[in-house]
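With the first letter of the sequence shown counted as 1, position 142 gets the number 137 in this note's numbering; the numbers rise by one all the way through. Here a beta-carbon is modelled for each residue, glycine too, at the ideal position from N, C-alpha and C.
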Amino acid sequence: MILLYQAPSFAENSLPDLVNNQDERSLSNPSYVLGQYWFRKLNGSTGLIEFPPAYNYLQQALSQIVPSTDLYNKTIDIALLNSSQTNAFVIPGNHLFIYSDILRIIQDETSFLALLGHEIAHLELNHYERSLELQKNETSKTLMLLLAGVAAASAGNGEATSALWLGGIANQQENLLKYSRSQEQEADRRGRELLIDSGLPVSGMNTLLTALFKQSMGANRIEFLSTHPLPKTRISDAFTIDQPRSVVFEPSSDHFLYFRATLLAYRSVMEGDQYRSFLNQHISDEQQRIYAYALSELLTQHTNKATTTLTDLDRKLTNQFIEYLRSIVAIAHNDHAKAAKIIESRLTLAPNDLAFRYLESQSGAHFSFLKSAQDALGYEKRMVYRNNIATARRQGNLASALYYKGQLEFARGNEHIAMNLINRAIRMTADKHETQFLRTKEEFSSIISAERDQNLN
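Laid out in structure tokens, this is it:
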């Protein structure tokens, strides 16, 4: 899909020239600035899912496909949003968003990889930039409605989202809708090629499109089809295009199954007391259901219930999802010794596992500053910032605590709060920290200035 993101204040005839800068990942590239801006804003949403193992899996899944693309920059940043809306989309600057509800429809890993291939194809084929070139006279009103819809969805306001998105699509001209359909077919075909080139089963694309088509025939409308039109020709194309065929069943990995259970657990919270009924309907495996029950209970502050539910989980089952959940439930239940034991065991096997390094400080077992790699993804940076805030506070280093809090707020789209925190840190800091703090302030100032040039602030 392509959700057309643009600042509401853009005039119809003053759209940035995105196509000519498509390969440049810098502040001089309007496409990159625009994407980074909305990525931060959506990362500040109340609907943002913060469960590191889920991001680890998604990052690994993308790494199987992205190297086969012709993207100038192979890094795709990711965000998971909890919503009752069924969607997935990409925005400029190589950002991918997955809504929790779409995992109701996607039940196997090959279909999920097909979804990723399709979305990555939209990025590689520059559909956002090409759409703006075609739609210069129509995008302003439509984009305002679509952006409002995304904000409402990520805040969990499903009814408002449906109305806003319907309004946005209804205002498009028929010729633009047809162009969007051609983009979808183009992304389908390129997505299949990416799966083939990556050595992944292409059958998932057929399964995905069939599942979406069946869902579109039901009573409940899904947002994915508002901006990913699904005419019957796409289904026909999926089964007639020349492609390798395999009769071998491709089982889903354990990591995917628990990734799916995680997102459905978040989604089930929206069902209130009926969360178990929702999970029973959508998760067939008993152990995965128990895991999802416990996560849902933790998310709704029923710590004692989550602790009891986890005792029903097979003790022999171990993976990063289960161990992470067991750790955070233990921490929430103030059983820090139990959490430390699980974390220590995990770090013995994987010393560089950032998720468990982060948990190590959350449990109080060990406090140390962590460094963020230059190419770290958004969720990794947020873990580092939170870890360093806790470490600085424990050491009584208020300047550093303010500095890392400023970085976290900037990553969540709160630019003005971030700048105030950084300025306070600079005023308090000793000379040895001043260069680092000032460098960050200058970086933030450059980003804010570039966004102001596009009327984004």
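Cα atoms of M423 and A394: separation of roughly 6 Å, rounded to the nearest angstrom.
DSSP lists L76 as the bridge partner or partners of Y94. Taken in chain order, the whole alpha helix (DSSP H) runs of length 4 or more contained in the stretch 236 to 307 are 249 to 263, 270 to 277, 281 to 294, 298 to 305. Taken through DSSP and simplified to helix, strand or coil, A345 comes out as coil. Note: L22 is not bridge-paired with any residue in the DSSP secondary-structure output. Taking the Cβ atoms as the reference, R271 lies roughly 6 Å from Y288, within the contact range of under 8 Å. The beta carbon of S247 lies closer than 6 Å to those of D103, E104 in the same chain, with the five residues before and after it left out.
Taking a C-beta distance under 7 Å as the contact criterion, L451 and Y32 qualify as a contact pair. Inter-residue distance for R447 and Q282 is about 50 Å (C-alpha atoms, whole angstroms).
Following the DSSP letters along the chain, one finds A83 inside the beta strand (DSSP E) bounded by residues 83 to 86. The beta-carbon separation of I417 and F439, rounded to 7 Å, stays under the 8 Å limit for a contact. When the five nearest sequence neighbours on each side are left out, the beta carbons in the same chain lying within less than 6 Å of the beta carbon of Y52 are those of H250, F254, in order along the chain. With 16 or more other Cβ atoms from the protein chains shown falling within 10 Å of its own Cβ, D72 counts as buried.
In the three-state reduction of the DSSP assignment, L120 falls in the coil class, being assigned neither a helical nor a strand state. Within the same chain, and ignoring the five residues on either side of I101 in sequence, the residues whose Cβ sits closer than 8 Å to its Cβ are F107, L110, L203, A206, R255. In the DSSP assignment, V379 falls within the unbroken alpha helix (DSSP H) covering 373 to 389. Here DSSP, grouped into helix, strand and coil, assigns L312 to coil. Under the 10 Å beta carbon count, R389 is surrounded by fewer than 16 other beta carbons and is classified as exposed. In this structure, the straight-line span from the alpha carbon of A413 to that of R434 is close to 14 Å.
For the pair T306 and N89, the Cα-to-Cα distance works out to about 41 Å. Sixteen is the threshold: when 16 or more other Cβ atoms of the shown chains lie within 10 Å of the Cβ of P196, as they do, the residue is buried. According to DSSP, L43 shares a beta bridge with L76. Per DSSP, reduced to three states, the secondary structure at H411 is helical.
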